[in-house]
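Reading the sequence shown from the start, the letters are residues 0 to 175 in numbering that gives the first Met the number 0. As structure tokens, the structure follows; a few thoughts come after it.
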Amino acid sequence: MPMTSPFRIGSGYDVHRLAGGLELWLCGVKVPHSKGAVAHSDGDVAIHALCDALLGAANLRDIGYHFPDANDEYKGMDSKILLRRTMCMVREKGYELGNADVTLCLQRPKVKDLIPAMQQRLAQAMQTDAENISIKATTTETLGFVGREEGVAAYAVALLLKTDRSSLPNQPRKRG
Ligand code: MG
């Protein structure tokens, strides 16, 4: 029987272009700003990176595979719905979230005061405790496309724990 770890780590990364007159959604919160994300869905890069981290940890392909942007069903969609569906797939495969860590990369605006609300929104969508979700934000010191405010990026990592005890390796078996 192949060995599989009861702990599974995944990483995700996403970028969206910024343009005037659009809404900016980050970690499920609408961020007041003069620019927003150009996207098929609501363009929440942080949630998209987090979905990819979860899917990666569960070895379930990626967000574009499950929610293709050619599909009108996802047009303008609230990314929290994608996150909720992703968690359903992860749980169906027998995993539960350990913790997730998200890094937002944007030059402006400052989002530090919104972080507790972002943690709450993500935790609610994922049906987990806000303590399991960490969100950080950084600028890129005005360098690159983030620094020039042409786009916003996000990185995420997630740790999953196997919940189906019977499939854990090296479990002592009762003898009859
Ligand atoms: Mg995206």
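The beta carbon of each residue, even a glycine, is placed where N, CA and C say it ideally should be.
beta-carbon residue 65 near the ligand MG non-hydrogen atom, thresh 7 Å: no
Unbroken beta strand (DSSP E) run spanning residue 27, endpoints: Neither: residue 27 is in no beta strand (DSSP E) and is coded neither H nor E.
Ranges of the alpha helix (DSSP H) found wholly within the stretch 83–139, counting only runs of at least 4: 114–125
Euclidean distance between Cα positions of residue 47 and residue 161: 23 Å
CB of residue 2 within 8 Å of CB of residue 41, strictly: no
Option in 152, 149, 57 and 157 with minimal Cα separation from residue 91: 57
Limits of the beta strand (DSSP E) - the one that residue 35 falls within: 34–37
For residue 71, three-class secondary structure by DSSP: helix
Residues near the ligand MG, criterion Cβ-heavy atom distance below 5 Å: 13 and 47
Pair within 8 Å by beta-carbon distance, residue 27 and residue 125: no
DSSP-derived helix/strand/coil call for residue 49: helix
Residue 40 in three-state terms, based on DSSP: coil
Own chain partners of residue 139 with C-beta closer than 8 Å, once the 5 adjacent residues on each side are dropped: 104, 106, 145 and 146
Selected residue, minimal CA-CA separation from residue 109, among 120, 150 and 31: 31
Cβ neighbours of residue 38 in the same chain (closer than 7 Å, five flanking residues each side left out): 15
Closest Cα partner of residue 134 within the set 143, 119, 141 and 8: 119
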